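**Q** Sharing a structure with you now.
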Amino acid sequence: MTKDTSNQMWGGRFAAGPDAIMEAINASIGFDQRMAAQDIAGSRAHAAMLAKTGILTDTDAEAIREGLLTVLSEIESGTFEFSTALEDIHMNVEARLKDLIGEPAGRLHTGRSRNDQVATDFKLWVRDQIDAAISGIEALIRAFVAQAEVGADWVMPGFTHLQTAQPVTWGHHMMAYVEMFGRDLSRFKDARVRMNESPLGAAALAGTSFPIDRAMTAEALGFDRPAANSLDAVADRDFALEFLSAASICAMHLSRFAEELVIWSSAQFRFVTLSDRFSTGSSIMPQKKNPDAAELIRAKIGRIFGANTALLMVMKGLPLTYSKDMQEDKEQVFDAADNLMLALAAMEGMVKDMTANRDSLEAAAGSGFSTATDLADWLVRALNMPFRDAHHVTGSLVALAESKGCDLPDLTLEDMHSVHAAITEDVFGVLGVHNSVSSRMSYGGTAPTRVREQIAAWQAKLG
Ligand code: ARG
Numbered sequence: 001m002t003k004d005t006s007n008q009m010w011g012g013r014f015a016a017g018p019d020a021i022m023e024a025i026n027a028s029i030g031f032d033q034r035m036a037a038q039d040i041a042g043s044r045a046h047a048a049m050l051a052k053t054g055i056l057t058d059t060d061a062e063a064i065r066e067g068l069l070t071v072l073s074e075i076e077s078g079t080f081e082f083s084t085a086l087e088d089i090h091m092n093v094e095a096r097l098k099d100l101i102g103e104p105a106g107r108l109h110t111g112r113s114r115n116d117q118v119a120t121d122f123k124l125w126v127r128d129q130i131d132a133a134i135s136g137i138e139a140l141i142r143a144f145v146a147q148a149e150v151g152a153d154w155v156m157p158g159f160t161h162l163q164t165a166q167p168v169t170w171g172h173h174m175m176a177y178v179e180m181f182g183r184d185l186s187r188f189k190d191a192r193v194r195m196n197e198s199p200l201g202a203a204a205l206a207g208t209s210f211p212i213d214r215a216m217t218a219e220a221l222g223f224d225r226p227a228a229n230s231l232d233a234v235a236d237r238d239f240a241l242e243f244l245s246a247a248s249i250c251a252m253h254l255s256r257f258a259e260e261l262v263i264w265s266s267a268q269f270r271f272v273t274l275s276d277r278f279s280t281g282s283s284i285m286p287q288k289k290n291p292d293a294a295e296l297i298r299a300k301i302g303r304i305f306g307a308n309t310a311l312l313m314v315m316k317g318l319p320l321t322y323s324k325d326m327q328e329d330k331e332q333v334f335d336a337a338d339n340l341m342l343a344l345a346a347m348e349g350m351v352k353d354m355t356a357n358r359d360s361l362e363a364a365a366g367s368g369f370s371t372a373t374d375l376a377d378w379l380v381r382a383l384n385m386p387f388r389d390a391h392h393v394t395g396s397l398v399a400l401a402e403s404k405g406c407d408l409p410d411l412t413l414e415d416m417h418s419v420h421a422a423i424t425e426d427v428f429g430v431l432g433v434h435n436s437v438s439s440r441m442s443y444g445g446t447a448p449t450r451v452r453e454q455i456a457a458w459q460a461k462l463g
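Residue 87 in the numbering used here sits at position 87 of the sequence shown; the count goes up by one each step and never skips.
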């Protein structure tokens, strides 16, 4: 029996190499090669620290540094040959380093393990995605604010149950999404602060007997500090879960506006016209312009929710510290991140390019008895009627208008008197949609004045 087929990284006690099926189930190189840049950054920081602390000679450290740069350029240029037999990105990089520089490569792994290495790489990768999500959301928020500014005082129907409720302003509706995505932004920022501790130097699980300097590697990699407990550092993946949770909530918000775009761009609504750049045609129906990007965003969101659930399932019930189950933490996060970034970019493009149809919005704003609440409020104010009674009287007037096939402002004073004798001409002053929105001056309300304040506050915040 020869030892030749056993793994060159950990095969010392093995007499034979793995079965092909074992190799297939064990390997993660097919996907974790996406963390190559992070892996090499972590190794460079580790090698520099080993030299600084005298664990490695400067000559070896320099050979490692140069070798790692070569490996990185090979990976970036696509000439690197990834090997499934070498399992993962960590061992692929180290093996190539050995080809390039020989013996010193074997000293790089002093005082560390793949367990802290993978936790570090993955954290760095997720941190980059958080930064990408933050800038994607900021861009989207700017697009919504720009839309709000164009139509701060344009009227449209506000809905509950997708039934006309009360008139609102277009600017107000756009700014509602700004608030939602603003909270998404702060969720990602919070998560970034919490996750920014370095696992590197936790080694396999217990720390190391070498006099390493974890603060130094933490700083080199942009972490705020080293993680305080080595067991926790290699065992937890809550940073990835926080990313997926924040991504899921953000994705949910994206899906809601995507749905509104699908509805609003339909011939029945015509609230918005999507740009050609973000629409597609039909191969059989020449008149069609389909909101595919919005539909795809609506659908892709499910993958992000799925990834969140999948990672919770992987981590659930795992005893401390590392278990190989945790190798299954990455693919779903990669997929979720890719789809979140794509959905954010597509939504930003659609929002930037779309045109709100002022006339359709205004025509719809007045239909469906949308100012009925204004009428009831007028009865309370002008006739000192209890709100419940006013609600009832207004209901009768709505029924009357419905039976006459007209809207509330089209009723005559005689019509009004047939329901309540004390109503005066003044009532017509509150039945128009513009008056309705202008009157809603309460803080956070839909009045154009308030909306412009919200827009200005966000513009100041965004700088
Ligand atoms: N490829 C592994 C992963 O992604 C690296 C860590 C392996 N550690 C170990 N003890 N087998 O989780």
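Each residue gets a CB set at the ideal place from its N, CA and C atoms; glycine is no exception. This structure is a prediction, so every number in the text was calculated from the model and none was measured.
Around the C-beta of A48, are 16 or more other C-beta atoms found within 10 angstroms, so that it is buried, or is it exposed?
**A** Walking along the sequence shown from the start, residue 48 turns up at place 48. Buried, by the Cβ-count rule.
**Q** I believe L56 touches D116 by the beta-carbon criterion, under 8 Å. Please report the beta-carbon distance rounded to the nearest angstrom.
**A** Position 56 of the sequence shown, counted from the start, is the residue given in the question as residue 56. Position 116 of the sequence shown, counted from the start, is the residue given in the question as residue 116. About 17 Å; that fails the 8 Å criterion.
**Q** What separation, rounded to the nearest whole angstrom, lies between the Cα atoms of G349 and L274?
**A** Position 349 of the sequence shown, counted from the start, is the residue given in the question as residue 349. Position 274 of the sequence shown, counted from the start, is the residue given in the question as residue 274. C-alpha separation (whole angstroms): 10 Å.
**Q** Taking the Cβ atom as the reference point for each residue, do W458 and V178 lie within a distance shorter than 7 Å?
**A** Working through the sequence shown from its first residue, we reach residue 458 at position 458. Working through the sequence shown from its first residue, we reach residue 178 at position 178. Yes; because the gap between Cβ atoms is below 7 Å, this pair is in contact.
**Q** Any chance the CB of N115 is under 6 Å from a heavy atom of the ligand MN?
**A** As far as ligands go, the structure on display features the ligand ARG and does not contain the ligand MN.
**Q** Straight-line CA distance for E74 to M175?
**A** The count along the sequence shown starts at 1 and reaches residue 74 at position 74. The count along the sequence shown starts at 1 and reaches residue 175 at position 175. Whole-angstrom Cα-Cα distance: 47 Å.
**Q** Spatial neighbours of G429 within its chain, please: C-beta separation below 7 Å, excluding the five flanking residues on both sides.
**A** As a first step, residue 429 must be located in the sequence shown, where it is residue number 429. Cβ within range, chain order: N435.
**Q** Since E197 and A227 should fall inside the 8 Å C-beta cutoff, what is the C-beta to C-beta distance between them, to a whole number of angstroms?
**A** To locate residue 197, count along the sequence shown from 1; it is residue 197. To locate residue 227, count along the sequence shown from 1; it is residue 227. Going by Cβ atoms, the distance from E197 to A227 rounds to 4 Å, so yes, they are a contact pair.
**Q** Got a sec? Which residues, its chain only, sit under 7 Å from R44 by beta carbon, not counting five neighbours each side?
**A** The residue given as residue 44 occupies position 44 in the sequence shown. R65, L68.
**Q** Return the CA-CA distance between V464 and A251, expressed in angstroms with no decimal places.
**A** Here the chain covers residues 1 to 463 and nothing more, so residue 464 does not appear.
**Q** With DSSP run on the structure shown, which of helix, strand or coil describes A165?
**A** For the purposes of this step, residue 165 is taken as the residue at position 165 of the sequence shown. In the displayed model, A165 falls within a strand according to three-state DSSP.
**Q** Give the secondary structure of F159 by DSSP, where H, G and I count as helix, E and B as strand, and everything else as coil.
**A** As a position in the sequence shown, residue 159 is number 159, starting the count at 1. Three-state DSSP puts F159 in a strand.
**Q** Determine, using beta carbons only, whether L311 and D329 come nearer to each other than 7 Å.
**A** The residue you call residue 311 lines up with position 311 of the sequence shown. The residue you call residue 329 lines up with position 329 of the sequence shown. Inclusion of L311 and D329 in the CB contact set at 7 Å is warranted, their separation being smaller than that value.
**Q** Mind checking L320: buried by the 16 CB within 10 Å criterion, or exposed?
**A** Against the sequence shown, residue 320 aligns to sequence position 320. It counts as exposed.
**Q** Could you check the C-alpha separation between I141 and R183 for me, to the nearest Å?
**A** Counting from 1 along the sequence shown, the entry for residue 141 is found at position 141. Counting from 1 along the sequence shown, the entry for residue 183 is found at position 183. Their Cα atoms are separated by approximately 11 Å.
**Q** Is it true that the region 140-158 meets the region 109-126, where meeting means three or more beta-carbon pairs spaced less than 8 Å apart?
**A** no
**Q** Compute the Euclidean distance between the alpha carbons of D19 and R225, then round it to the nearest angstrom.
**A** Locating residue 19 in the sequence shown gives position 19, where the first residue counts as 1. Locating residue 225 in the sequence shown gives position 225, where the first residue counts as 1. Distance between the alpha carbons of D19 and R225 is about 42 Å.
**Q** Using the C-alpha atoms, what's the distance from D190 back to R440?
**A** In the sequence shown, counting from the first residue as 1, residue 440 sits at position 440. In the sequence shown, counting from the first residue as 1, residue 190 sits at position 190. Between R440 and D190, the C-alpha separation is close to 34 Å.
**Q** Helix, strand or coil for M1, going by three-state DSSP, please let me know.
**A** Walking along the sequence shown from the start, residue 1 turns up at place 1. Reliability of the predicted coordinates at M1 is poor, the pLDDT of 36 falling under 50, and the value obtained from them is presented with this limitation in mind. Reduced to three states, the DSSP call for M1 is coil.
**Q** Can you list, in chain order, the residues of its chain with a C-beta nearer than 7 Å to that of W170? Leave out the 5 residues immediately preceding and following it.
**A** The count along the sequence shown starts at 1 and reaches residue 170 at position 170. Here the set comprises G151, W154, M156, A356, L361.
**Q** Going straight from the alpha carbon of E260 to that of A365, what length do you get?
**A** Here residue 260 is taken as the residue at index 260 of the sequence shown, counted from 1. Here residue 365 is taken as the residue at index 365 of the sequence shown, counted from 1. Between the alpha carbons of E260 and A365 lies a distance of about 16 Å.
**Q** If you compare alpha carbons, which of R34, A206, Q129 is closest to F82?
**A** Residue 82 sits at position 82 when you count from the first residue of the sequence shown. Between F82 and the set R34, A206, Q129, the nearest pair of CA atoms involves R34.
**Q** Check R225 in the structure and name its three-state DSSP category.
**A** Your numbering for residue 225 matches position 225 in the sequence shown. The answer is strand: DSSP assigns R225 an E or B state.
**Q** If you drop the 5 nearest sequence neighbours on each side, which residues of the same chain put their C-beta closer than 6 Å to that of K3?
**A** One-based indexing of the sequence shown puts residue 3 at position 3. Residue placement at K3 is flagged as unreliable, the pLDDT there being 42, under the threshold of 50; a coordinate-derived value is accordingly withheld.
**Q** Inspect the beta-carbon positions of V437 and P167 and report whether they are closer than 7 Å.
**A** As a first step, residue 437 must be located in the sequence shown, where it is residue number 437. As a first step, residue 167 must be located in the sequence shown, where it is residue number 167. Against a cut-off of 7 Å, the Cβ pair of P167 and V437 comes out as a contact.
**Q** Can you give me the Cβ contacts of S367 inside the same chain, cut-off strictly under 6 Å, excluding the 5 residues immediately before and after it?
**A** Stepping through the sequence shown from its first residue, residue 367 is reached at position 367. Excluding sequence neighbours, S367 sits near nothing in its chain.
**Q** Going by C-alpha to C-alpha distance, which of R358, L185, G207 sits closest to Q129?
**A** Numbered from its first residue, the sequence shown carries residue 129 at position 129. Of the listed residues, the one whose Cα sits closest to Q129 is L185.
**Q** Could you tell me which residues DSSP puts in a beta bridge with T273?
**A** Residue 273 sits at position 273 when you count from the first residue of the sequence shown. T273 is bridged to T355.
**Q** So which of I89, G111, I21 has the shortest CA-CA distance to G54?
**A** Sequence index remark: in the sequence shown, residue 54 carries index 54 (1-based). For G54, the nearest C-alpha among the options comes from G111.
**Q** Is V118 a contact residue of the ligand ARG, with contact defined as CB to any heavy atom under 6 Å?
**A** Numbered from 1 along the sequence shown, position 118 holds the residue referred to as residue 118. Flag set: Cβ of V118 near the ligand ARG.
**Q** Would you mind reading off the limits of the alpha helix (DSSP H) that contains N534?
**A** Absent from the structure is residue 534, since the part of the chain shown begins at 1 and ends at 463.
**Q** Taking DSSP's pairing of strands, which residues face E197 in a bridge?
**A** On the sequence shown, position 197 is the one that residue 197 refers to. BP columns for E197 point to R225.
**Q** Assuming A105 and E87 make a contact with CB atoms under 8 Å, what is their CB distance in whole Å?
**A** As a first step, residue 105 must be located in the sequence shown, where it is residue number 105. As a first step, residue 87 must be located in the sequence shown, where it is residue number 87. The Cβ separation is near 17 Å, so there is no contact.
**Q** Please state if the CB of S282 and the CB of A203 are separated by a distance shorter than 7 Å.
**A** The residue given as residue 203 occupies position 203 in the sequence shown. The residue given as residue 282 occupies position 282 in the sequence shown. No, the Cβ-Cβ distance between A203 and S282 is not below 7 Å.
**Q** Can you name the start and end residues of the alpha helix (DSSP H) that I249 belongs to?
**A** In the sequence shown, the residue the question calls residue 249 occupies position 249. Per DSSP, the unbroken alpha helix (DSSP H) holding I249 starts and ends at 238-264.
**Q** Looking at F278 and A293, is the spacing between their C-beta atoms short of 7 Å?
**A** Taking the first residue of the sequence shown as 1, we reach residue 293 at position 293. Taking the first residue of the sequence shown as 1, we reach residue 278 at position 278. Yes; because the gap between Cβ atoms is below 7 Å, this pair is in contact.
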